[in-house]
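**Student:** Quick one: the structure is below, and I'll ask about it shortly.
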Amino acid sequence: MLCTFAGVVVVVVAVALAAVVAGVEAEGTTLAFYNKCSHPVWPGIQPSAGKPILARGGFRLLPNQAYSLSLPVGWSGRVWGRQDCAFDAAGRGRCATGDCGAGLYCAGAGGAPPATLAEITLGPQQDFYDVSLVDGYNLGMSITPFRTARGGRCASAGCVSDLNTMCPAGLAVRSGRDGRVVACKSACYAFRSDRYCCTGSFGSPQQCKPTAYSRLFKTACPRAYSYAYDDPTSIVTCTGASYIVTFCPRA
């Protein structure tokens with residue numbers, strides 16, 4: 005099924021991720037979202053300051069559904085997945101994790117931690133992208149380049165492991181309905197200390213080093229940011245590509 009709404013292409017795919025790639029436009033930079041989870045996900049999109057809001061800042065993705073849009077030249081921002089959401093016909097409501105406080109359409113607002121983030125910056129020479137656990141984790145996520153310039157290959161970034169199953173008790177966020185762990189806080193968000201947040205006297209790469217908590221995140225998700233200065237092994241670059249953000253990539 006393929007339909008168009010407000011300039012955004014919505015593709016419903018059965019199983020193969022290749023179907024997502026086949027359904028996007030051939031020109032410009034495309035950002036596609038693919039839900040491999042067994043449950044709905046409500047992606048949120050927050051642009052960087054001065055950049056346009058895309059797709060009103062949020063939408064719903066059913067399992068095995070994809071949603072793709074064209075990125076303006078030089079766009080940068082972050083995306084995340086919201087879970088266990090309930091919205092009325094006007095888009096009013098809340099989500100158990102990643103809630104942006106603005107309803108279905110985040111309209112430029114960010115998601116409440118803890119939430120897994122994918123970040124992307126389109127540059128004139130190369131693009132920069134990563135998946136970050138600095139604000140915590142709520143579901144697996146990856147960002148993968150496709151349709152690269154001159155057929156080149158670029159690495160993906162992401163967190164494939166389910167950190168909710170290994171989250172330390174002091175970081176765990178539990179559902180008020182059934183008590184299951186629905187998100188895992190970062191140590192910075194949980195304890196608000198300079199040591200974990202890389203602020204104050206710890207506000208430099210030389211002073212802020214990995215902790216037991218960030219090492220746990222890094223061991224489980226080696227291709228994601230585990231703390232603020234985890235740049236060398238976390239940020240990825242590519243030239244002339246489009247990108248797919250996949251929720252629950254391990255599913």
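So the sequence shown is numbered by the numbering used here: it starts at 5 and just counts up by one.
Each residue gets a CB set at the ideal place from its N, CA and C atoms; glycine is no exception.
If the criterion is Cβ atoms closer than 9 Å, does the pair G112 and G54 meet it?
**Tutor:** For G112 and G54, no; Cβs fall outside 9 Å.
**Student:** Check this for me: beta carbons of Y231 and Y193, under 9 Å apart or not?
**Tutor:** No, these two residues do not count as a Cβ contact at 9 Å.
**Student:** Just verifying my parser: in three-state terms, what is the DSSP assignment at A216?
**Tutor:** Three-state result, A216: helix.
**Student:** Between which residues of its own chain and T215 is the CB-CB distance below 8 Å, once the five residues before and five after are set aside?
**Tutor:** Taken in chain order, the residues that qualify are A191, R199, Y200, Y231.
**Student:** Considering just the uninterrupted stretch of the alpha helix (DSSP H) at Y247, what are its terminal residues?
**Tutor:** Note, Y247: premise wrong, no alpha helix (DSSP H); beta strand (DSSP E) at 246–251.
**Student:** For T169, which three-state DSSP category applies?
**Tutor:** In the structure shown, T169 sits in a helix (DSSP, three-state: H, G or I).
**Student:** Buried or exposed: L137, going by 16 or more other Cβ atoms within 10 Å of its Cβ?
**Tutor:** L137 should be labelled buried.
**Student:** Excluding the 5 residues preceding and the 5 following L66 in the sequence, name in chain order all residues of the same chain whose CB lies nearer than 6 Å to its CB.
**Tutor:** Once the five neighbours on either side are set aside, the close Cβ partners of L66 are P44.
**Student:** What number of angstroms, rounded off, separates the C-alpha of A100 from the C-alpha of Q69?
**Tutor:** Cα-Cα distance, rounded: 21 Å.
**Student:** Closer than 7 Å by C-beta to S52: which residues in its own chain qualify, once you throw out the five before and the five after it? Chain order, please.
**Tutor:** S80, G81, listed in sequence order.
**Student:** Can you have a look at G95 and say buried or exposed, based on whether 16 or more other CB atoms are within 10 angstroms of its CB?
**Tutor:** Per the 10 Å Cβ criterion, exposed.
**Student:** Applying the 10 Å Cβ sphere with the 16-neighbour rule, what's the burial state of A20?
**Tutor:** The pLDDT assigned to A20 is 41, lower than 50, so where the model puts this residue is not dependable, and the model offers no usable value.
**Student:** Which same chain residues end up closer than 7 Å to R184 when comparing Cβ atoms and leaving out the 5 residues on each side of it in sequence?
**Tutor:** Once the five neighbours on either side are set aside, the close Cβ partners of R184 are R178.
**Student:** Assuming G115 and G180 are in contact, meaning their beta carbons sit under 8 Å apart, how far apart are those beta carbons, in whole angstroms?
**Tutor:** Their Cβ separation, rounded to whole angstroms, is 19 Å, which puts G115 and G180 out of contact at 8 Å.
**Student:** Whole angstroms are fine: how far does the CA of T250 sit from the CA of S72?
**Tutor:** So the two alpha carbons sit approximately 12 Å from each other.
**Student:** Span of the alpha helix (DSSP H) holding R199?
**Tutor:** Counting along the chain, the alpha helix (DSSP H) containing R199 begins and ends at 198–201.
**Student:** Shortest alpha-carbon distance to I248 belongs to which of A161, R86, G78?
**Tutor:** The option with the nearest alpha carbon to I248 is A161.
**Student:** Residue range of the beta strand (DSSP E) that F132 falls in?
**Tutor:** Element bounds for F132: 131–136.
**Student:** Would you mind working out which of K40, V83, G244 sits nearest I57, comparing C-alpha positions?
**Tutor:** The shortest C-alpha separation from I57 is found at V83.
**Student:** Is it the case that the Cβ atoms of Y229 and C212 are separated by a distance below 9 Å?
**Tutor:** No, the pair does not count as a contact, with Cβ atoms beyond the cut-off.
**Student:** On the DSSP bridge assignment, give the partners of L35 in chain order.
**Tutor:** According to DSSP, which records beta bridges pairwise, L35 is partnered with L73, Y247.
**Student:** As a quick exercise: from S165, D235, C225, S42, pick the residue whose alpha carbon is nearest that of P209.
**Tutor:** The shortest C-alpha separation from P209 is found at D235.
**Student:** By how many angstroms is the C-alpha of F37 removed from the C-alpha of G127?
**Tutor:** Cα-Cα distance, rounded: 21 Å.
**Student:** Per DSSP, W46 forms a beta bridge with which residues?
**Tutor:** Partner(s): R86.
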